[in-house]
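Just so you know, we're using full-length UniProt numbering here: the sequence shown kicks off at 1 and counts up by one.
All C-beta atoms in this analysis are idealised placements derived from N, C-alpha and C, irrespective of residue type, glycine included.
Take a look at the structure below.
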Amino acid sequence: VSSCSKCGGAGKVLKDPCKMCGGESTVRSKRIVNVDIPPGVSDGLTLKVRGEGNVDTR
Numbered sequence: 001v002s003s004c005s006k007c008g009g010a011g012k013v014l015k016d017p018c019k020m021c022g023g024e025s026t027v028r029s030k031r032i033v034n035v036d037i038p039p040g041v042s043d044g045l046t047l048k049v050r051g052e053g054n055v056d057t058r
């Protein structure tokens with residue numbers, strides 16, 4: 001058993017997908033973000049940066 005190669009198992013195919021995102025609803029980009037690291041942070045700790053990061057898919 002495998003998923004449909006066109007819809008990925010969603011059961012829907014976009015008739016006219018967006019040229020920028022290809023119908024994925026997100027666009028990847030790179031940019032520099034300045035982050036203040038608080039003193040005493042342990043090595044390997046993960047910090048959350050409000051308004052940045054990956055967006056949930058639909």
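The Cβ-Cβ distance between Val27 and Val49 does not fall below 9 Å. Shortest Cα-Cα distance from Ile37 to any of Leu47, Lys30, Arg31 and Ser29 involves Leu47. Taking C-beta separations shorter than 6 Å and ignoring five residues to either side along the sequence, the partners of Ser3 in its chain run Gly9, following chain order.
CA-CA distance, Asp43 to Val33, rounds to 20 Å.
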